[in-house]
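**Q** Got a structure here, written out as C-alpha cells. Questions coming.
Take a look at the structure:
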C-alpha cells in the first residue's frame, strides 16, 4: 500500500461510520426547504437579539436564516461532518451563531426564546419532556416541522409546521 492509501480507505470509512452512528441515535440528515424554514421562523416570531435553538442543526441553514433576521442562534449537531460544514457555512455570522457538537438530548441547552425541530415522531414525546425540564418556568416557543407533539394542540400550524407555546 502507498502512503496515500489511508486517505482512500480511511476517509470514506470514517464518513460511513459517522453516518451509521448518527442514524442509530436519531434521524438522518434531511435539509429543511426554504418554504418550511421561512414559515417556521415566521411562526416563532422572535425579535432581534433573541435566541433560537436549532436541534439537529445539520448544515446550518436555519442558523443562517435566523442570523439574517438579527437573532442569535445556537445549533446542536451530532454528525461531525455536518458540524464542520455548518461551522464553515455560518462563519460570516460567527458573532451571532454558535454550534455545539453533540446529541441534543445529552447536551446542556443554553437559554433560548425559540426552538426549531425537524425530529422524527418517536422522539417528540421525549422532546416535550426535555423542554419542560429545561425551561424552568421560562416562556419558549417550539416550531416543529412535519411532526406533532403527542397530546398537545399546536397554537398555530401552517404548511406542516406546528407551533407550540410553553408558558
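In this note's numbering, the protein residues as written are -12 to 154.
The beta carbon of each residue, even a glycine, is placed where N, CA and C say it ideally should be.
(1) Measure the beta-carbon distance from residue 132 to residue 19 and round it to whole angstroms, keeping in mind my assumption that it falls under 8 Å.
(2) Run through the DSSP bridge pairs and tell me what residue 129 is partnered with.
(3) Relative to the C-alpha of residue 93, which candidate in 121, 82, 79 and 68 has its C-alpha closest?
(4) How far does the alpha helix (DSSP H) with residue 28 in it reach, from first residue to last?
(5) For residue 50, which option in 76, 123, 97 and 148 has the closest C-alpha, if you only look at C-alpha atoms?
(6) Suppose you measure from the CA of residue 17 to the CA of residue 107; what does that come to, to the nearest Å?
(7) Counting pairs of beta carbons, one from the segment 59 to 69 and one from the segment 81 to 98, are three or more of them closer than 8 Å?
(8) Look at the Cβ atom of residue 41, then the Cβ atom of residue 134, and state whether they are nearer than 9 Å.
(9) Please work out which residues of its chain come closer than 7 Å, Cβ to Cβ, to residue 149, disregarding the five sequence neighbours upstream and downstream, and give them in chain order.
(10) Spell out the partners DSSP gives residue 145 in its beta bridges.
(11) Give me whichever residues DSSP pairs with residue 62 in a beta bridge.
(12) Between the alpha carbons of residue 152 and residue 118, how many angstroms are there, rounded?
(13) From this set, 126, 114, 47 and 68, which residue's C-alpha is nearest residue 98's C-alpha?
(14) Are the beta-carbon atoms belonging to residue 53 and residue 33 less than 9 Å from one another?
(15) Please return the same chain residues whose Cβ sits closer than 7 Å to the Cβ of residue 137, not counting the five positions on each side in sequence.
**A** Result, derived from the coordinates:
(1) At roughly 6 Å, the Cβ-Cβ gap stays under 8 Å, so residue 132 and residue 19 are in contact.
(2) BP columns for residue 129 point to 102 and 151.
(3) Residue 93 has its Cα closest to that of 121, out of 121, 82, 79 and 68.
(4) Residue 28 -> alpha helix (DSSP H) spans 21 to 31.
(5) Among 76, 123, 97 and 148, the Cα nearest to that of residue 50 belongs to 76.
(6) Near 11 Å, if we compare the C-alpha coordinates of residue 107 and residue 17.
(7) Yes: the two stretches touch, three or more of their Cβ pairs being nearer than 8 Å.
(8) No, the Cβ-Cβ distance between residue 41 and residue 134 is not below 9 Å.
(9) So the qualifying residues of the chain are 131, 135 and 141.
(10) Per DSSP, the beta bridge partners of residue 145 are 148.
(11) DSSP lists 41 and 86 as partners of residue 62.
(12) CA-to-CA, the gap between residue 152 and residue 118 works out to about 11 Å.
(13) Distance check between residue 98 and each of 126, 114, 47 and 68 places 126 closest, using alpha-carbon atoms only.
(14) The Cβ atoms of residue 53 and residue 33 lie closer than 9 Å to each other.
(15) Leaving aside the five residues that flank residue 137 on each side, the residues in its chain whose CB is nearer than 7 Å to its CB run, in chain order, 111 and 112.
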